[in-house]
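Counting in our numbering, the sequence shown runs from 1098 upward without gaps.
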Amino acid sequence: IEMSTAGCCLPFELLHAEMVMYAEERGREREEDRKKLVECGLDDEKLVTRAFAHHNSMTYLEGVGWRVGYVMGEKVSRDVPRLATELELMKFICKELWNNCFGKQVDNLRTNHQGVYVMHDNHFITVAPFEGDSGYLDKSPSFLSFPCGLVRGALAALSINAIVTTTVETLPQVKFHIQIQGKTSK
1098 IEMSTAGCCL PFELLHAEMV MYAEERGRER EEDRKKLVEC GLDDEKLVTR AFAHHNSMTY
1158 LEGVGWRVGY VMGEKVSRDV PRLATELELM KFICKELWNN CFGKQVDNLR TNHQGVYVMH
1218 DNHFITVAPF EGDSGYLDKS PSFLSFPCGL VRGALAALSI NAIVTTTVET LPQVKFHIQI
1278 QGKTSK
């Protein structure tokens, strides 16, 4: 399935779509390089696989998202009074950060009060162009890697370590699962 940037309407959507296509092309090139090394007679395929394993397109996009999220978290929280609890931090992410990054607030936030939060966005901007086309469901992880990194980076700027994953059942609805790992020292 080829992604067309013609359907994008906001500069962020266009930039994000181009980043995903670039990262995926870069990943394909790295995979070709890996195969060439194996074909050239390098006997230890496990070594070659390990050397290339941490540089796939989703890892790259998540890393870029983390850096952007860290900076956004610092900038957006600069004039905000100290956020004392995890729940206050998550509400800040859902309202202030989301609005600054995606032009709207998260539609719903749920928690089990044990460090697990689920943010629901019913019309998420990075997968909205694929609405109604279930063929893109398998492609959605690439388009959600950057936002996952963004959330993780913003939380890191607020001294919180977290694991961020997504689930998509119907496009463009996305659930972001945040599992708090603990506080970091700045």
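All residues carry an ideal CB built from backbone N, CA and C; glycine is no exception.
Assuming the contact rule is C-beta atoms closer than 8 angstroms, residue i and residue j should be a hit. Round their C-beta distance to whole Å, please.
i            : j               : result
lysine 1272  : isoleucine 1257 : 19 angstroms between Cβ atoms; not a contact.
valine 1306  : methionine 1116 : Limits of the chain in this structure are 1098 at one end and 1283 at the other, which puts residue 1306 out of reach.
leucine 1194 : valine 1224     : About 19 angstroms separates the two Cβ atoms, so there is no contact after all.
Which residues in the same chain as residue i place their Cβ atom closer than 6 angstroms to its Cβ, once the five residues preceding and following it in sequence are excluded?
i               : result
alanine 1254    : Tyr1167, Gly1170 and Glu1171
asparagine 1209 : none
glycine 1124    : Asn1153 and Ser1154
glycine 1212    : Ile1277
asparagine 1197 : Val1173
Would you tell me roughly how many angstroms separate the C-alpha atoms of residue i and residue j, rounded to the nearest one?
i                  : j               : result
phenylalanine 1189 : lysine 1132     : 45 angstroms
alanine 1114       : isoleucine 1222 : 11 angstroms
leucine 1234       : aspartate 1218  : 16 angstroms
valine 1145        : valine 1135     : Confidence at valine 1145 is low in this model, with a pLDDT of 47, below 50, so its placement is unreliable and the value that follows should be read with caution. Cα-Cα distance, rounded: 7 angstroms.
serine 1237        : valine 1265     : 8 angstroms
tyrosine 1214      : aspartate 1230  : 28 angstroms
leucine 1112       : glycine 1250    : 19 angstroms
lysine 1201        : lysine 1192     : 8 angstroms
Could you spell out where the alpha helix (DSSP H) holding residue i opens and where it closes?
i               : result
tyrosine 1167   : 1154-1174
asparagine 1197 : 1195-1199
arginine 1249   : 1237-1254
lysine 1272     : Unbroken run through lysine 1272 is the beta strand (DSSP E), 1271-1280; no alpha helix (DSSP H).
leucine 1180    : Here leucine 1180 belongs to no alpha helix (DSSP H), and DSSP marks it neither H nor E.
Near residue i, which residues of its chain fall below 8 angstroms by C-beta distance, leaving aside the five closest residues on each side in sequence?
i               : result
isoleucine 1239 : Residue identity check: residue 1239 is serine in the sequence provided, not isoleucine. Val1117, Ala1120, Glu1121, Ser1154, Met1155 and Leu1158, listed in sequence order.
Does the separation of the CB atoms of residue i and residue j fall below 8 angstroms?
i                  : j              : result
phenylalanine 1243 : proline 1269   : no
leucine 1241       : threonine 1267 : no
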